[in-house]
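Student:
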Amino acid sequence: MPSFRDIADDVRNAAQALIEYGSQLAQPTVRLGVTGLSGAGKTVFITALVHHLLHGGRLPVFEAFASGRIAGARLEPQPDDAVPRFDYEAHANALLAERRWPESTRQVSELRLAIDYQSARGRERTLTLDIVDYPGEWLLDLPLLRTSYAEWAAATLTLSRTGARRALAAGWHAHLATLRPDAPEDEQQALAAARLFTDYLRACRDQRYAMSLLPPGRFLMPGDLAGAPALAFAPLEAPGEQAPGAGSLWSMMERRYEAYKSVVVRPFFRDHFARLDRQIVLIDALAAFNAGPEAVSDLERALAAILACFRSGRATWTSALFRPRIDRILFAATKADHLHHTSHDPLERILSRMTAAAIARAEFAGAAIDVVALAAVRATREAQVARGRERLPAIIGTPIAGESVGGETFDGAAEVAAFPGDLPEDPEVLFTPEGAFKGTSAGAIAEADFRFLRFRPPRAEAVDGSAPLLPHIRLDRALQFLLGDRLA
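Its first residue numbered 4, the sequence shown is counted upward by one per residue in our numbering.
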């Protein structure tokens, strides 16, 4: 049963939706959520999207753009005075002038773009696009709103005792064994438990293991809450049938867990997430392939949890007034440029397999769902390289300084030809024990079945003195799915 606070939030959201619906009649607006787990490429995606709309580019599948119906686009002042602006200019400079990837998303930010276009009937119109950038780690916090401290602690402890997580949690588990839930509340014990729990989460996120299901999200991205009591809690062992009373360590942890939900999770849902119309979820599946089967399974669970958070369904005027819904969701496997194009279709099939059950639920509710393999900025080009009598498909790019493979460490300046290997045609190979593959989490990195290098952004090309172009893979397909119907 919804709590009074849930009902109050729904009433508040309905009032906000009513205001926004009125403004929609005069100024059509799409609020596009862009999320993904750390390192998936959210900042790069938004920067590339905005750069193409502002300066043009090659977008043949984006019908309104390719047909010339988009007259132009321009940045407009921030829609929300209390939300940081997405720093498009700094991120574009990093990509184009410095050939480095921008810093990752660590907080919610927004950017407003006005797109002037001609409708299919010849009318001149403007669509306002509000882009909301937020960390996927925060999205994984939303299930906490329906979860008690006891339920969360039990589930988190159970997960921490499986597979590679068990060894990574050893230090935290050792300290946990010294704690009694019914002991008097103790600030230093709470701080120590929270620190060791955070160390465990951080170790799980390391690229060698590439785990994805790591709530609470602010433990890894504290921002302005660093040092706050709302982040000074951790799971405790179940105390038995009777929960300890006030003044106990258990009640202290429980109180702070509830504070985390009130201070962090609920405002994020109310002020940002519940107001979205469209959503793209960016996924670095290659990092999971590098790490191994356990990381792939963990990513699958995280994606199911993410999609379960969306209030999805067909948008109607009544839903727009009282209960806004996300009516289009795109799952995008990023860094497709790290693979030869012959592996792009298998990558999409793998992502479809990961999200199949959750997608079926959303489609039943009336939402449109799609899956795509893309690179918002293409860092490589393809070639055929001779090896003996064979000619092998390869990708050519500049590895980031410090990347290494086969005992060779790269300096960030030289181009190399890499052989990324082939993804299996049948995605089930990656999800069955019989088809288990080796990843970096299993031992020696050199023995991993997949090893995808990280590449620097490409040298930007300018044509006839215009703004430099950013090459991409299927960015136009993503734009067509997310915005095409609103520009018809």
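Positions of the beta carbon are idealized from the N, C-alpha and C atoms, including for glycine.
In or out: L490 buried (at least 16 other Cβ within 10 Å) or exposed?
Tutor: So L490 ends up on the buried side.
Student: Considering only residues of the same chain and omitting the five flanking positions on each side of P242, which have a CB-CB separation below 8 Å?
Tutor: Here the set comprises P184, D185 and W253.
Student: Starting from the C-beta of R352, find all residues in its chain whose C-beta is less than 7 Å away, skip the five residues before and the five after it, and write them out in chain order.
Tutor: Around R352: P430.
Student: Taking the beta carbon of E154 as the centre, do at least 16 other beta carbons fall within 10 Å, making it buried, or is it exposed?
Tutor: Looking at its Cβ environment, which holds fewer than 16 other Cβ atoms inside 10 Å, E154 is exposed.
Student: In its own chain, which residues sit with a C-beta less than 8 Å from the C-beta of L279, not counting the 5 before and 5 after it?
Tutor: Excluding positions up to five away in sequence, the list reads R34, L35, G36, V135, P327 and I329.
Student: Would you report the Cα separation of A404 and F413, rounded to the nearest angstrom?
Tutor: Roughly 5 Å separates the two Cα atoms.
Student: So is P474 buried or exposed if we call it buried at 16+ other beta carbons inside 10 Å?
Tutor: So P474 ends up on the buried side.
Student: Only counting the same chain, and skipping five residues up and downstream in sequence, which positions put a Cβ closer than 7 Å to that of M526?
Tutor: There is no way to answer for residue 526, as the model of the chain reaches only from 4 to 491.
Student: Around the Cβ of T383, are there at least 16 other Cβ atoms within 10 angstroms (buried) or fewer (exposed)?
Tutor: When all chains shown are included, T383 counts as buried.
Student: May I ask you to report which of helix, strand or coil DSSP gives S322?
Tutor: Caution applies to S322, whose pLDDT of 41 falls short of 50 and renders its modelled position unreliable; the value that the coordinates give is listed next. Helix, per DSSP.
Student: For the candidate residues C207, V268 and H176, whose alpha-carbon lies nearest to that of P238?
Tutor: It is H176.
Student: Taking the CB atoms as reference points, tell me whether L342 and P423 lie closer together than 7 Å.
Tutor: Closer than 7 Å, so yes.
Student: Put D280 into one of helix, strand or coil per three-state DSSP.
Tutor: D280 falls in the coil class under three-state DSSP.
Student: Tell me whether A67 is buried or exposed, calling it buried when 16 or more other Cβ atoms sit within 10 Å of its Cβ.
Tutor: Its Cβ being crowded by 16 or more others within 10 Å, A67 is buried.
Student: What is the DSSP secondary structure of T46, counted as helix, strand or coil?
Tutor: Helix.
Student: Please say whether A74 and D506 have beta carbons closer to each other than 7 Å?
Tutor: Past the edges of the chain, shown from 4 to 491, lies residue 506, and the structure says nothing about it.
Student: Spatial neighbours of I476 within its chain, please: C-beta separation below 7 Å, excluding the five flanking residues on both sides.
Tutor: Once the five neighbours on either side are set aside, the close Cβ partners of I476 are A339, D340, L377, A378 and R381.
Student: Note down the Cα distance separating L62 from Q191, rounded to an integer number of angstroms.
Tutor: Taking the straight line joining both Cα atoms gives about 56 Å.
Student: Identify every run of the alpha helix (DSSP H) within the region 282–312, keeping only runs that are complete inside it and at least 4 residues long; order them along the chain.
Tutor: For the region 282–312, whole alpha helix (DSSP H) runs of length 4 or above, ordered along the chain, are 288–294 and 296–312.
Student: In terms of DSSP beta bridges, what is F458 paired with?
Tutor: BP columns for F458 point to P402.
Student: Ignore the nearest five residues each way along the sequence and tell me which others in L56's own chain have a CB closer than 7 Å to its CB.
Tutor: Correct list, in chain order: A76, L116 and I118.
Student: Name the one or two DSSP bridge partners that T129 has.
Tutor: In the DSSP output, where bridge partners are listed per residue, T129 has D119.
Student: Flag this pair as yes or no: are the beta carbons of P402 and F458 separated by less than 7 Å?
Tutor: Yes.
Student: Give me the Cα-Cα distance between F200 and A69, rounded to the nearest whole angstrom.
Tutor: The alpha-carbon atoms of F200 and A69 are separated by roughly 51 Å.
Student: Using a Cβ-Cβ cut-off of 6 Å (strictly less than) and excluding sequence neighbours within five positions of P232, which residues of its own chain qualify?
Tutor: Here the set comprises R259.
Student: Are the Cβ atoms of G442 and L285 separated by less than 7 Å?
Tutor: No, the Cβ-Cβ distance between G442 and L285 is not below 7 Å.
Student: Taking only runs of the beta strand (DSSP E) that begin and end inside the region 348–429, which ones reach a length of at least 3 residues, in chain order?
Tutor: Those beta strand (DSSP E) runs which fall completely within the region 348–429 and span 3+ residues are 371–376, 384–390, 393–400 and 419–421.
Student: For G250, does the count of other Cβ atoms within 10 angstroms reach 16, so buried, or fall short, so exposed?
Tutor: With fewer than 16 other Cβ atoms within 10 Å, it is exposed.
Student: Please classify P474: does DSSP put it in a helix, a strand, or coil?
Tutor: Three-state result, P474: coil.
Student: Taking a contact to mean a Cβ-Cβ separation below 7 Å, would you say Y212 touches A167 in this structure?
Tutor: A contact, by the Cβ cut-off of 7 Å.
Student: Which first and last residues belong to the beta strand (DSSP E) in which A431 is found?
Tutor: Residue identity check: residue 431 is Glu in the sequence provided, not Ala. Premise fails: E431 is in no beta strand (DSSP E) and is neither H nor E.
Student: With distances taken between CB atoms, is the gap from A180 to A235 smaller than 7 Å?
Tutor: The answer is no: Cβ separation not under 7 Å.
Student: Within the continuous alpha helix (DSSP H) that includes F334, where are the two ends?
Tutor: Here F334 belongs to no alpha helix (DSSP H); instead the beta strand (DSSP E) covers R331 to A336.
Student: Three-state secondary structure (DSSP) at G487?
Tutor: Helix, per DSSP.
Student: Contact check, L145 vs C312 under 8 Å by CB: the rounded distance?
Tutor: The pair is a contact, with the Cβ atoms about 4 Å apart (cut-off 8 Å).
Student: Please classify P187: is it buried, with 16 or more other beta-carbons within 10 angstroms of its beta-carbon, or exposed?
Tutor: So P187 ends up on the exposed side.
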